[in-house]
Amino acid sequence: MRGTKSPAEIELLQIASTITSHAHIAAMRTADPEMNEFELQAVIEYTFRRNGAARPGFSSIVGSGPNSSVLHWDENNRFMEAGDVVVMDIGAEYFGYTSDVTRTIPVSGTFTREQREIYEIVLAAHLAAAELAEVEGTPYSALSEAANRVLAEGLTRIGLIESPDATMPGGRGGRNRSQLGLFYYHGLGHGIGLVVHDSMPERSMIVEGACFTIEPGIYIRPNVLEMLGTGAEAEALRLKLAPIVARYANIGIRIEDSYAFTDKGLVRLSVGTPRTIEEVETMMAMPNLFNELRDGETVEKYRIFIPPGNNR
Ligand code: GLY
Ligand code: MN
Ligand code: MN
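Heads up: the sequence shown begins at 13 in our numbering, then just goes up one per residue.
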């Protein structure tokens, strides 16, 4: 029963997603260097309730700089710095139904060249998957494979992996594992509904009533090469990738939308959330919201209680 949703359920997911879009916009118009992550969480959750959502459907994730690569960072207490990206993975709960939408924004309002490169790869992967989701009967696994391909080709172009199918030692049972897994270590998405990770339709196909996310990401953890293990092959790969990892370190980018497949085809429920680089940068250039209510002196006192550069 939970694998596919009725039109009435989809309407609730639509409202939850519209509210979530408003919250992303509020955060984009608020973010500035030297603010704390919790300030963005605050305007997000304010916007949820202000528009009738009962609560966040899951702990709001606001992860900046190094925290952008932590999939479920929800301490949300780091002071953001110019040059950071911040991943905001949030969802409003509306009459029991939870949306799930992630945007990644540059704290200072414009992406750096390296951030743009990663962003464009992740967005292209998202779009490749979404295009397949327009066709009824497509298995969700085909969406995953399409996204994997685009991510792997993009990472190959910038030199973070050796080739789209490149492997490395350290897999289970002594086998090799994919190099893509160094930088993309979660599934493409999941069903949404009464909980943020809800059931998918039987056999995980795109059928009428399927409600799901698409959420590819790339995350460059500065210490990622330490995970390569030991041995000559690992050491050679480490040496080869180290300068490129250094160049992209601490960039974590995820782009997630909530979708429903209806009798009219694929609907992007979170269509109101700015998504392209241009849309995000344009929104961030709009006048700040909430700043008249900000007491910077009190926020700054928080630094006493957290170590500088706090991250996991
Ligand atoms: N917010 C959790 C997820 O994206 O799956
Ligand atoms: Mn999410
Ligand atoms: Mn999700």
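For every residue, glycine included, the Cβ atom is placed at its ideal position computed from N, Cα and C. Predicted model, so just to flag it, every value in this text is computed and none were measured.
Contact test: His-36 Cβ vs ligand 3 heavy atom, cutoff 7 Å: It does not: the Cβ of His-36 is nowhere closer than 7 Å to a heavy atom of ligand 3.
Thr-114 CB to nearest heavy atom of ligand 2 below 7 Å: Ligand 2 has a heavy atom closer than 7 Å to the beta-carbon of Thr-114.
At least three beta-carbon pairs within less than 8 Å, the segment 295-302 to the segment 28-44: The segment 295-302 vs the segment 28-44: in contact.
Any non-hydrogen atom of ligand 3 within 7 Å of Glu-105 CB: False, no ligand heavy atom lies under 7 Å from that Cβ.
Ordered list of alpha helix (DSSP H) runs contained in the segment 45-112, each at least 4 residues: Listed in chain order, the complete alpha helix (DSSP H) runs (minimum 4 residues) inside the segment 45-112 are 49-62.
Start-to-end residues for the beta strand (DSSP E) that takes in Leu-278: For Leu-278, the uninterrupted beta strand (DSSP E) run begins and ends at 277-280, by DSSP.
Buried/exposed call for Ile-316, threshold 16 Cβ in 10 Å: Ile-316 is exposed by the Cβ-count criterion.
Ligand 2 heavy atom lying under 7 Å from the CB of Asp-101: Flag set: Cβ of Asp-101 near ligand 2.
Sub-8 Å separation of Ala-246 and Met-180 beta-carbons: Taking 8 Å as the Cβ cut-off, Ala-246 and Met-180 qualify as a contacting pair.
Ser-153, DSSP secondary structure in three states: In the structure shown, Ser-153 sits in a helix (DSSP, three-state: H, G or I).
Span separating the alpha-carbon of Asn-303 from that of Ser-33: So the alpha carbons of these two residues sit roughly 20 Å apart.
Unbroken beta strand (DSSP E) run spanning Tyr-231, endpoints: Residues 229-231.
Ligand 3 heavy atom lying under 7 Å from the CB of Gly-229: Closer than 7 Å to some heavy atom of ligand 3: that does not describe the Cβ of Gly-229.
Glu-146: CB within 7 Å of a non-hydrogen atom of ligand 2: In this structure, Glu-146 has its CB at a distance of at least 7 Å from all heavy atoms of ligand 2.
Status (buried if at least 16 other CB within 10 Å, exposed otherwise) for Ala-94: An exposed status is given to Ala-94, since fewer than 16 other beta-carbon atoms sit within 10 Å of its beta-carbon.
Distance cut-off 7 Å: Asn-188 Cβ against heavy atoms of ligand 4: Ligand 4 is not part of the structure shown, which contains ligand 1, ligand 2 and ligand 3 as its ligands.
Val-134 and Ile-204 closer than 8 Å at C-beta: No, they are not a contact pair.
Three-way DSSP call (helix, strand, coil) for Glu-268 in this model: Note: Glu-268 maps to strand in three-state DSSP.
Closer than 8 Å to chain D by CB, Ala-297: No chain D appears in the structure shown, which is made up of a single protein chain.
Where the alpha helix (DSSP H) through Thr-225 begins and ends: Going by DSSP, Thr-225 is part of no alpha helix (DSSP H) but of the beta strand (DSSP E) stretching over 223-226.
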